[in-house]
């Protein structure tokens, strides 16, 4: 089992800033991310991969998903150079990293509702 | 720390989560938030809602942030709408692209709300600064337009006042900038009733309207008094008194005044504070300097004012040249002055007197490279005395009510002779007779001649043969001033008699003095002489009037004028 | 240009020294140098040793000073004038109003 790579300090700040809207933010992020993941899987075009990865990176960064952001950066920088197999692997890594950190955000949602 | 004013901020960000997060942060800081999910929406929203500041994601679909920024900047025009780019591009890359697109700053992800607040505050300060600058610029431009208009109006009024002059006379040449009035430069010229010419080149302190405003009352005095036949001294006294009264203490008018007499072939000069004028004698090529011997006008009280003039003989075609200090003070690139020496070099090198102005302008151009706009020059030459000058004022009433049968006698004694010039008053009196108006020039000349003879040769006992050469000329006028100053006794009487005669009438002028008289027979024997400097007065009287005669051993002169009523 | 003032011990003599260009930009300073005194001095000296240039507004300022100091009753001396400055004062005949050296 991998350790979730989410920066807790960022989450604390987000919680503090968003106040009552924190759950909405989490939801929006999770939904956005699902969409981005399916886009990544669906396309083979390097430019599209790049811009999708860039976008995903930004969100991930803002939400404290540090490792996820790194992986997206990697894909963004190298989309033109890597072979289709290597790209597919990166996309799979991203997918898996998201699966790992997703519970953290679910958990945050849960805690926000009960507090 | 000063509280930040709430702004309307547009957030253009394609990621929904990021957009939500940023909106919340910005709203919490007290601002109103507008959102857009891509560049095109951002431009559209900007156009419709006019936000104060834009937070722009760099990479967005449909239209990216850079293009949207360019369009928004174009729409904003002169106003500053700060655009802060939101970016996770690497720093140096980000900065370069942002600035190119017209961005003012950038904010890196993850968003740090403290940094964001600081940047918003800083950008807003710049925005307000720009707004102030534009506002003040527009205010200044408007104010400047008002000022220009005021000057136009002032100049139009002044031109009406100054139009009655004779600067277009054939013996005057002048150079004056169209802005001369607002540089304080003034050039006036007018004929006296006797056909002499008064010329004034003046230079008021200061610039703009304050300088121009003093010129108008001055011009009125100059023209009014010259037309009535007052001499330089009286006109100067009046101008000085007027300026002293109306101008503030630190304002004054430097001026050179000339009275050119074609009949007596002389020029009378008064220079208060102006650069040297020059009397150019054609025969010898000499340039006699006419330096400033007096304080400028408007400084001294009436009692302290010095109206003494210098008189120089002039031959036909001799010229008097006056210039403002714009010539002497022209500087070159090293702040060296053109100066009096260079001017005199131009005089020396000038071979064609008619090209003097061109030579001076060329020398100034060579010296400085570009012309100044406050150079004023005037050149007045002595031409053969002409009969045609200044139309006599014509009145349209029937003349039935004017005095046609009357006589008046005046006696001017001692102290009054020192300071009072009765000629303008006597002329005004005679002009009441409409039939005489067309001869006002001749009448005035004759009256002036008889009066001056009575005063100078009769009462003061001066010998006009002194005036045969330039040195004697100067001495004559020195003696005149001295004897006049010391005068206690003596008189000049003027008798005027007007009677109807047929359809018109007759005027008899008789002038008597208390002097020793002269040998009338001897003088009458001389042929009518136009060339000599002295003794021309009698010829003049005999030519201009009728039945001129002298009695009482030359102490009494009589001359007549006739007129016919025009049908 | 700067304007430096100095009042004698007994308060009877005011010396105003001008350095640099004596022109309109110094109007305010020049006026303040004599208007602000508690006692009106009996005599005034304007020292132009370090003055490089004089224009018509400077002449105007001298007239204001003279007017303030009593007009015809004033005692004002203008000293240490350079040749150029002397020339300007001579053309305007200001030696008829001020003692110039």
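Chains as they are written, first to last, in our numbering: chain P, 267 to 381; chain Y, 484 to 1050; chain H, 1116 to 1216. Glycine is no exception: its CB is placed at the ideal position from the N, C-alpha and C atoms.
Backbone secondary structure at residue 1165 of chain H - three-state DSSP: strand
Does DSSP put residue 581 of chain Y in a helix, in a strand, or in coil? helix
Applying a beta-carbon distance threshold of less than 8 Å, which residues of chain H neighbour residue 782 of chain Y? 1178 and 1212
Using a Cβ cut-off of 7 Å (strictly closer), state whether residue 286 of chain P contacts chain Y. no
Closest Cβ-Cβ distance between residue 1138 of chain H and chain Y: below 7 Å? no
Tell me, to the nearest whole angstrom, how far the beta carbon of residue 333 of chain P is from that of residue 271 of chain P; I am working on the premise that it is less than 8 Å. 3 Å
Candidates Y/902, Y/925 and Y/896: closest to residue 910 of chain Y by CA position: Y/925
is_contact[residue 320 of chain P, chain Y] using C-beta, thresh 7 Å: yes
So that I know if they touch, is there some Cβ in chain P lying closer than 7 Å to that of residue 518 of chain Y? no
Among H/1121, H/1216, H/1212 and H/1205, the one whose alpha carbon lies nearest that of residue 776 of chain Y: H/1205
State buried or exposed for residue 769 of chain Y, treating a residue as buried only when at least 16 other CB atoms are found within 10 Å of its CB. exposed
Buried or exposed by the 16-neighbour rule on C-beta atoms within 10 Å, applied to residue 320 of chain P: buried
Short CB-CB distance (under 7 Å) between residue 716 of chain Y and chain H: no
Which residues, taken in chain order from the stretch 494 to 522 of chain Y, show a beta carbon closer than 9 Å to some beta carbon of chain C? In the structure shown, chain C cannot be found, because the protein chains are P, Y and H.
The alpha helix (DSSP H) with residue 593 of chain Y in it runs from where to where? Where residue 593 of chain Y is concerned, there is no enclosing alpha helix (DSSP H), given that its DSSP letter is neither H nor E.
Any C-beta of chain H under 7 Å from that of residue 777 of chain Y: yes
Please confirm if residue 756 of chain Y has its CB atom under 7 Å from at least one CB of chain H. yes
Just checking, does the stretch 956 to 965 of chain Y make contact with the stretch 706 to 723 of chain Y on the three C-beta pairs under 8 Å criterion? no
Let me see if you follow: with CB-CB separation under 7 Å, is residue 668 of chain Y close to chain H or not? no
Three-state secondary structure (DSSP) of residue 522 of chain Y: helix
Taking the beta strand (DSSP E) that residue 1130 of chain H falls in, what are its first and last residues? 1128 to 1137
Check whether residue 570 of chain Y and residue 541 of chain Y have beta carbons under 7 Å apart: yes
With DSSP as the reference, label residue 1119 of chain H as helix, strand or coil. strand
At which residues does the beta strand (DSSP E) containing residue 755 of chain Y begin and terminate? 749 to 755
Does chain Y have any CB closer than 7 Å to the CB of residue 1191 of chain H? no
Using the beta-carbon of each residue, which ones in chain Y are nearer than 8 Å to residue 1207 of chain H? 737, 756, 775, 778 and 779
Let's see if you can read the secondary structure: which residues bound the beta strand (DSSP E) around residue 294 of chain P? That residue, residue 294 of chain P, is in no beta strand (DSSP E); its alpha helix (DSSP H) goes 288 to 308.
Nearest CA to the CA of residue 371 of chain P: which residue from P/305, P/348 and P/329? P/329
Just to check my reading of the structure: residue 970 of chain Y and residue 897 of chain Y have Cβ atoms closer than 8 Å, yes? What is that Cβ distance to the nearest angstrom? 6 Å
Contact test: residue 913 of chain Y Cβ vs the ligand GTP heavy atom, cutoff 6 Å: The model depicted lacks the ligand GTP and carries no ligand whatsoever.
Within its chain, find whatever has a CB closer than 7 Å to the CB of residue 323 of chain P; leave out the 5 residues flanking it on each side and keep chain order. 335, 338, 339 and 342
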